[in-house]
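Trainee: Just passing along the structure, written as structure tokens.
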Ligand code: AMP
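Residue numbers (my numbering): 46 to 629.
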């Protein structure tokens with residue numbers, strides 16, 4: 046396929062904020078795509094060249110792109126910088142400058158999707174001496190052949206900031222629309238740019254199947270390729286495999302203990318809700334791999350966890366779900382997530398980090414055991430299975446503390462015990478439920494103290510003055526609505542001036558700096574990437590922010606670098622909090 050066709054699609058996607066219309070555009074594209082391009086197209090419309098489970102970055106900075114534009118157009122870096130300041134998007138800058146150049150010359154050759162994809166993908170593996178120059182060359186090669194519109198999207202993809210607003214939901218639905226038109230009796234309405242399934246039940250069944258395939262594979266490209274080739278047969282062998290991360294099951298929130306019982310039934314399992322970070326432990330023969338919930342491989346960062354798994358789990362082939370919690374090596378007391386979060390990205394002094402910031406692994410679920418898929422096995426039996434294979438050793442690897450009860454009083458007592466131990470609260474779990482990867486289903490609910498919190502992403506801020514100069518303060522926060530982010534307020538409270546006191550302005554500023562998109566006076570706009578857990582007293586309606594809501598007395602609790610953009614709290618949750626607080 047020609048890349049120019051994809052560029053046109055990108056432009057169409059960018060010009061609408063309607064999800065249905067985006068899905069319509071995508072499904073038409075997929076229908077036109079041949080087998081040889083399907084993987085590449087699905088990845089590229091998501092602005093990526095690697096599947097979601099692979100967190101390798103292309104590692105290209107704006108500086109590097111500016112150099113590449115200079116090579117391709119002959120325009121000086123200074124001039125590009127100036128254009129960038131006024132336009133704010135390097136993609137559009139490249140478009141404009143390529144346009145100028147092509148008025149004078151002829152295109153050297155047409156770009157194909159394959160050529161663009163291969164060049165971009167090669168960026169991820171260029172390392173070592175001379176890698177900067179090599180990367181610049183690879184990008185410049187594309188820009189030299191690019192038409193203006195193509196240049197816009199090549200640059201944005203290189204910077205991993207495509208901004209056409211295609212989320213997982215749209216891709217999933219587009220796959221169904223494109224490949225199961227007959228099965229779900231779909232009718233395309235070209236005028237309205239929408240689609241109507243005649244057989245809704247069938248449509249839902251197919252959508253759920255594609256979703257399950259994605260949950261297990263964490264790669265829409267693979268799902269689409271299989272569906273294109275095999276149709277429904279693609280759903281038959283969705284096998285779990287150690288070494289390939291799976292989306293974890295997510296939980297809903299209960300208002301209180303009565304509500305928890307109502308939602309998960311009686312008797313229910315209650316477990317401590319540990320304040321750490323989620324890990325998946327995969328054992329394949331002699332090897333153990335540890336993944337975060339974002340499917341990042343952190344085995345190198347947690348060598349002791351690999352060892353605990355080898356010595357304390359008596360099985361050769363499994364996928365376990367667990368929470369790693371930090372504790373103070375001197376007092377043994379549990380510590381909040383923040384204290385160990387730095388270990389997740391650490392690349393050096395790993396052993397010292399493991400000594401200074403030890404973790405205890407609390408195993409609470411199993412997805413695969415000795416080759417057997419456990420997803421459809423009731424929770425009670427899954428728990429029994431992990432009790433059989435885990436040889437607990439406190440402060441290394443244990444089972445999540447659990448009671449099974451129908452008594453409100455007993456559950457309440459357990460909850461208080463959890464809070465007294467410094468944990469966040471408890472999880473209540475339905476004993477008969479299956480494990481549903483990737484979904485926020487009500488098979489388990491969390492019970493936490495009433496102060497609400499949301500995971501919000503920083504989209505802007507203000508450079509501080511006086512003793513806060515050099516730091517980005519007054520952070521602008523946003524919640525999620527589908528694939529877009531809507532502002533919901535500003536926060537400065539909760540961040541510390543001194544790093545030893547907790548999450549500091551300096552630390553947050555360092556994380557935000559590479560994400561700065563543009564600056565006007567003291568105000569900065571940043572690319573969404575830094576997620577903060579923020580608590581507050583109340584949600585209020587507010588015309589000042591694009592979400593329509595604002596938070597009363599917001600306070601940063603901690604950095605959630607274990608969460609991804611898709612985990613940012615959505616507008617639906619904000620609305621729910623707003624309406625439930627009224628009735629309290
Ligand atoms: P939240 O992040 O507030 O949505 O709460 C859900 C998270 O709590 C899960 O993703 C786990 O990381 C964590 N967690 C801690 N203890 C447990 C447990 N016993 N069972 C399930 N999840 C737990």
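Positions of the beta carbon are idealized from the N, C-alpha and C atoms, including for glycine.
Note that the coordinates shown come from a computational prediction; the quantities given were computed from them, not determined experimentally.
1. By the DSSP assignment, the alpha helix (DSSP H) with residue 178 in it spans what residues?
2. Among the candidates 122, 142 and 102, whose CA atom is the shortest distance from the CA of residue 172?
3. Are the region 541 to 553 and the region 590 to 599 touching by the rule of at least three beta carbon pairs closer than 8 Å?
4. CA-CA distance, residue 486 and residue 296?
5. Which whole-angstrom value is the C-beta distance of residue 291 and residue 285, which I expect to be below 8 Å?
6. Can you tell me whether residue 166 is helix, strand or coil according to DSSP?
7. Please confirm whether residue 318 and residue 462 have their CB atoms less than 9 Å apart.
8. Any heavy atom of the ligand AMP closer than 8 Å to the beta-carbon of residue 410?
9. Leaving aside the five residues before and after residue 618 along the sequence, list all residues of the same chain whose C-beta is less than 6 Å from its C-beta, in chain order.
10. For residue 410 versus residue 294, is the C-beta spacing smaller than 9 Å?
11. Determine the extent of the beta strand (DSSP E) in which residue 510 is found, giving its start and end residues.
12. Is residue 585 buried or exposed, if buried means 16 or more other CB atoms sit within 10 Å of its CB?
13. Can you find the residues in the same chain that come closer than 7 Å, C-beta to C-beta, to residue 215, ignoring five residues on each side of it along the sequence?
14. What did DSSP end up calling residue 417 once you bin it into helix, strand or coil?
15. Just grab the DSSP bridge partners of residue 200 for me.
16. Leaving aside the five residues before and after residue 241 along the sequence, list all residues of the same chain whose C-beta is less than 8 Å from its C-beta, in chain order.
17. Spell out a yes or no on whether the region 320 to 336 and the region 355 to 372 are touching, meaning 3 or more CB-CB pairs, one atom from each, closer than 8 Å.
18. Give the DSSP bridge partners of residue 472, in chain order.
19. Note down, in chain order, each residue of its chain lying with its Cβ closer than 6 Å to the Cβ of residue 509, except the 5 sequence neighbours on either side.
20. So, under 8 Å CB-CB, residue 624 and residue 524 are touching, yes? Tell me the CB distance rounded to an integer number of Å.
21. Rounded to whole angstroms, what is the Cα-Cα separation between residue 89 and residue 573?
22. Between residue 295 and the ligand AMP, is there a pair consisting of the residue's CB and a ligand heavy atom that are separated by less than 8 Å?
23. Using 8 Å as the cut-off, classify the Cβ of residue 178 as near or not near the heavy atoms of the ligand AMP, replying yes or no.
24. Which of the three DSSP states, helix, strand or coil, is assigned to residue 234?
25. Is residue 367 buried or exposed, if buried means 16 or more other CB atoms sit within 10 Å of its CB?
26. According to DSSP, which residues form a beta bridge with residue 569?
27. Report the rounded CA-to-CA distance for residue 384 versus residue 612, giving the unit in angstroms.
28. Can you list, in chain order, the stretches of the alpha helix (DSSP H) that have 4 or more residues and sit fully within the region 336 to 384?
29. Roughly how many angstroms lie between the CA atoms of residue 54 and residue 48, to the nearest whole one?
30. On the DSSP letters alone, give me the boundaries of the alpha helix (DSSP H) that residue 3 sits inside.
31. Can you tell me the Cα-Cα spacing of residue 298 and residue 475, whole angstroms?
32. Quick test of the definition: if touching needs 3 or more C-beta pairs under 8 Å, does the region 218 to 226 touch the region 240 to 254?
33. I want to check one thing, is the minimum distance from the CB of residue 474 to the heavy atoms of the ligand AMP below 8 Å?
34. Express the C-alpha separation of residue 504 and residue 567 in angstroms, rounding to a whole number.
35. Skipping 5 residues on each side, what residues in its chain have a beta carbon closer than 6 Å to that of residue 87?
36. Keeping to the same chain, check which residues put their C-beta closer than 6 Å to that of residue 629; ignore five residues upstream and five downstream.
Mentor: According to the data block:
1. Reading the chain shown from its first residue, position 133 is the one you call residue 178. 176 to 190 is the extent of the alpha helix (DSSP H) around residue 178.
2. Taking the chain shown and counting its residues from 1, one reaches residue 172 at position 127. The shortest C-alpha separation from residue 172 is found at 102.
3. no
4. Position 441 of the chain shown holds residue 486. Position 251 of the chain shown holds residue 296. Taking the straight line from one Cα to the other gives about 6 Å.
5. Here residue 291 refers to the residue found at position 246 of the chain shown. Here residue 285 refers to the residue found at position 240 of the chain shown. Right, the Cβ-Cβ distance comes to about 6 Å (below 8 Å), so this counts as a contact.
6. The sequence position of residue 166 within the chain shown is 121, counting from 1. In this structure, residue 166 counts as helix in the three-state DSSP scheme.
7. Stepping through the chain shown from its first residue, residue 318 is reached at position 273. Stepping through the chain shown from its first residue, residue 462 is reached at position 417. No. Outside cutoff.
8. Sequence index remark: in the chain shown, residue 410 carries index 365 (1-based). Residue 410 Cβ: within cutoff of the ligand AMP.
9. Here residue 618 refers to the residue found at position 573 when the chain shown is read from its first residue. Same-chain partners within the cutoff: there are none.
10. Your numbering for residue 410 matches position 365 in the chain shown. Your numbering for residue 294 matches position 249 in the chain shown. For residue 410 and residue 294, yes; Cβs fall inside 9 Å.
11. Your numbering for residue 510 matches position 465 in the chain shown. Taken as a continuous stretch (DSSP letters only), residue 510 belongs to no beta strand (DSSP E), as it is neither H nor E.
12. As a working mapping, residue 585 is identified with position 540 in the chain shown. When all chains shown are included, residue 585 counts as exposed.
13. Translated into positions along the chain shown, residue 215 becomes position 170. Contacts found: 64, 67, 68 and 71.
14. Mapped onto the chain shown, residue 417 falls at position 372. Strand, per DSSP.
15. Numbered from its first residue, the chain shown carries residue 200 at position 155. Answer is none; residue 200 lacks a bridge partner.
16. Start at 1 with the first residue of the chain shown, and residue 241 comes out as number 196. The residues are 231, 232 and 234.
17. yes
18. The residue you call residue 472 lines up with position 427 of the chain shown. Residue 472 is bridged to 316 and 491.
19. Translated into positions along the chain shown, residue 509 becomes position 464. Once the five neighbours on either side are set aside, the close Cβ partners of residue 509 are 516 and 518.
20. For this step, residue 624 is matched to residue 579 along the chain shown. For this step, residue 524 is matched to residue 479 along the chain shown. Incorrect: roughly 15 Å between the Cβ atoms, too far for contact.
21. Taking the chain shown and counting its residues from 1, one reaches residue 89 at position 44. Taking the chain shown and counting its residues from 1, one reaches residue 573 at position 528. Going from the Cα of residue 89 to the Cα of residue 573 covers about 19 Å.
22. Within the chain shown, the letter at position 250 stands for residue 295. Residue 295: yes, Cβ under 8 Å from the ligand AMP.
23. Mapped onto the chain shown, residue 178 falls at position 133. No, the ligand AMP has no heavy atom inside 8 Å of this Cβ.
24. Locating residue 234 in the chain shown gives position 189, where the first residue counts as 1. It is a strand residue.
25. In the chain shown, the residue the question calls residue 367 occupies position 322. By the neighbour-count rule (16 or more Cβ atoms within 10 Å), residue 367 is buried.
26. For the purposes of this step, residue 569 is taken as the residue at position 524 of the chain shown. 506 and 564.
27. Residue mapping note: residue 384 aligns to position 339 of the chain shown, counting from 1. Residue mapping note: residue 612 aligns to position 567 of the chain shown, counting from 1. Residue 384 and residue 612: Cα-Cα distance of roughly 21 Å.
28. As far as the region 336 to 384 is concerned, its whole alpha helix (DSSP H) runs of at least 4 residues are 348 to 357.
29. By one-based count along the chain shown, residue 54 stands at place 9. By one-based count along the chain shown, residue 48 stands at place 3. Distance between the alpha carbons of residue 54 and residue 48: 10 Å.
30. Outside the shown range of the chain, which is 46 to 629, sits residue 3, and nothing can be said about it.
31. As a working note, residue 298 is residue 253 in the chain shown. As a working note, residue 475 is residue 430 in the chain shown. Rounded to whole angstroms, residue 298 to residue 475 spans 14 Å at the Cα level.
32. yes
33. By 1-based counting over the chain shown, the position of residue 474 is 429. The answer is yes for residue 474.
34. Here residue 567 corresponds to residue number 522 of the chain shown, with the count starting at 1. Here residue 504 corresponds to residue number 459 of the chain shown, with the count starting at 1. Between residue 567 and residue 504, the C-alpha separation is close to 14 Å.
35. If you number the chain shown from 1, residue 87 lands on position 42. Excluding sequence neighbours, residue 87 sits near 265, 266 and 269.
36. By one-based count along the chain shown, residue 629 stands at place 584. Caution applies to residue 629, whose pLDDT of 29 falls short of 50 and renders its modelled position unreliable; the value that the coordinates give is listed next. Result list for residue 629: empty, nothing under 6 Å.
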